[in-house]
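Numbers in the working numbering are just positions in the sequence shown, counted from 1, shifted up by 4. We put the beta carbon where it would ideally sit given N, CA and C, even for glycine. Note sheet for the following structure.
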Amino acid sequence: MNTADLLFLLLRAATAVLCGVAAREAWERARLPGQPRQRRWRARCGAAVLLALGVFALEDGVGEALGRPGEPLRWRSWVWVILDLSIPAQVLAVLSTLRERDRLEAELAAAVRSDPLTRLPNRTGFAEAATVALAAAARDGRPVAGAMLDIDFFKAINDGWGHGAGDAVLRDVAGAMRAVLRPGDVLARVGGEEFALLLPGVDARGAGPLLERLRAAAAAVPHPGAPGQRITLSAGVAVVEGTGLEALETGLRNADGALYAAKAAGRNRVMVAG
5 MNTADLLFLL LRAATAVLCG VAAREAWERA RLPGQPRQRR WRARCGAAVL
55 LALGVFALED GVGEALGRPG EPLRWRSWVW VILDLSIPAQ VLAVLSTLRE
105 RDRLEAELAA AVRSDPLTRL PNRTGFAEAA TVALAAAARD GRPVAGAMLD
155 IDFFKAINDG WGHGAGDAVL RDVAGAMRAV LRPGDVLARV GGEEFALLLP
205 GVDARGAGPL LERLRAAAAA VPHPGAPGQR ITLSAGVAVV EGTGLEALET
255 GLRNADGALY AAKAAGRNRV MVAG
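Dropping the structure here:
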């Protein structure tokens, strides 16, 4: 085997390897959840074609390099080597672009449903997660409580120490509350300093101890002002009866009324609707 034969065989082997890698990635893409059936079949057919091309390339390399030792390779053979090598390389480039597109689409979908400051769900994300939780609780026959929470005197924090300090308080309070919640609880930021909370498995009065733990968690967040000042929360809680957005909105509207009652009573407390 001369140098030209060895180079030809190596290029054909490289084509076979790239075809195998591209076929595997195409097959994995076909298995991604949420793919339309037509797209899955196209990916599978593409994987099969790539595997066939890889087998052909390896067989041709062995045949040309070892089957006719000493005979010069025709220029057309070199052209086909380059063309065949470019096919899996281009497929891999396209698959890489599709992966990046999928990542960007996932980030965009997450941005639509989440608050960028606190990383909690926003109103849209909360509505979606809460309706799922309500349906699950209804199937299990469990009660559900909804709560509205508000950081007391938050405007004074923004006015006195700047919006950067206010943002830090929001992030820290959100993180402190999230650490206290149970698996299955749904917390969201639905306004400037306002949060909504769904608590499956407890009624309005049974939610009291958890809401008190949330107040205590918020009080542990450093205040941007004097050391003697504390972050406090006011909260209203109500039962959520039924499933779907209408039941959720009714329950949270009742909880919002209890929140206003808590503020009117002096803030830094939990009030139960009704």
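Own chain partners of V66 with C-beta closer than 8 angstroms, once the 5 adjacent residues on each side are dropped = L13 and R16
query = Below 8 angstroms, can you find three or more Cβ-Cβ pairs linking the segment 140 to 154 to the segment 226 to 244?
reply = yes
inquiry  = Give me the DSSP bridge partner(s) of P125.
reply    = S118
key: Reduced DSSP secondary structure (H/G/I, E/B, other) of I161   = helix
task = Could you tell me the distance, in whole angstroms, from the CA atom of H167 to the CA atom of F158?
result = 10 angstroms
ask   = In this structure, does DSSP put V194 in helix, strand or coil?
value = coil
task = Pick out whichever of D207, G232, P226 and E132 has its Cα sitting closest to the Cα of A277.
result = D207
key: For A47 and A30, believed in contact at Cβ under 8 angstroms, the rounded distance   = 5 angstroms
request  = Rounded to whole angstroms, what's the CA-CA distance from L102 to G129? Just pull it up for me.
outcome  = 26 angstroms
key: Backbone secondary structure at I155 - three-state DSSP   = strand
task = Kindly indicate which three-state DSSP category A225 falls into: helix, strand or coil?
result = The sequence shown places Val at residue 225, rather than the Ala named in the question. Reduced to three states, the DSSP call for V225 is coil.
ask   = Which residues bound the beta strand (DSSP E) around A242?
value = L237 to V243
request  = Starting from V274, follow the alpha helix (DSSP H) in both directions and report where the run begins and ends.
outcome  = Where V274 is concerned, there is no enclosing alpha helix (DSSP H), although the beta strand (DSSP E) it sits in stretches over V274 to V276.
request  = Could you check which residue in A266, A230, L201 and Q42 has the C-alpha nearest to that of A192?
outcome  = L201
query = Who does A149 pair with in a DSSP beta bridge?
reply = L203 and V243
ask   = How many whole angstroms separate the CB atoms of G246 and T135, which I take to be in contact at a CB cut-off of 8 angstroms?
value = Between T135 and G246 the Cβ distance is about 11 angstroms, and since that is not below 8 angstroms, they are no contact.
Inter-stretch contact at 8 angstroms, needing at least 3 Cβ pairs: the segment 171 to 184 / the segment 103 to 112 = no
key: Endpoints, the alpha helix (DSSP H) within which D9 is located   = T7 to A34
ask   = Buried or exposed: where does N258 fall if 16 or more other Cβ atoms within 10 Å of its Cβ makes it buried?
value = buried
ask   = With respect to the alpha helix (DSSP H) encompassing G248, which residues constitute its N-terminal and C-terminal limits?
value = G248 to A268
ask   = Counting pairs of Cβ atoms below 8 angstroms between the segment 18 to 26 and the segment 79 to 93, do you hit three or more?
value = yes
message = Can you tell me whether R209 is buried or exposed? The criterion is at least 16 other CB atoms within 10 Å of its CB, across all chains shown.
response = exposed
Pairwise C-alpha distance: A251 and A142 = 12 angstroms
query = Count the other CB atoms within 10 Å of the CB of P204; is the residue buried (16 or more) or exposed (fewer)?
reply = buried
task = My understanding is that A137 touches G188, with C-beta atoms under 8 angstroms, so please give their C-beta distance in whole angstroms.
result = 7 angstroms
message = What does the alpha-carbon distance come out to for the pair A265 and M275?
response = 7 angstroms
message = If you reduce the DSSP assignment to three classes, tell me which class D189 lands in.
response = coil
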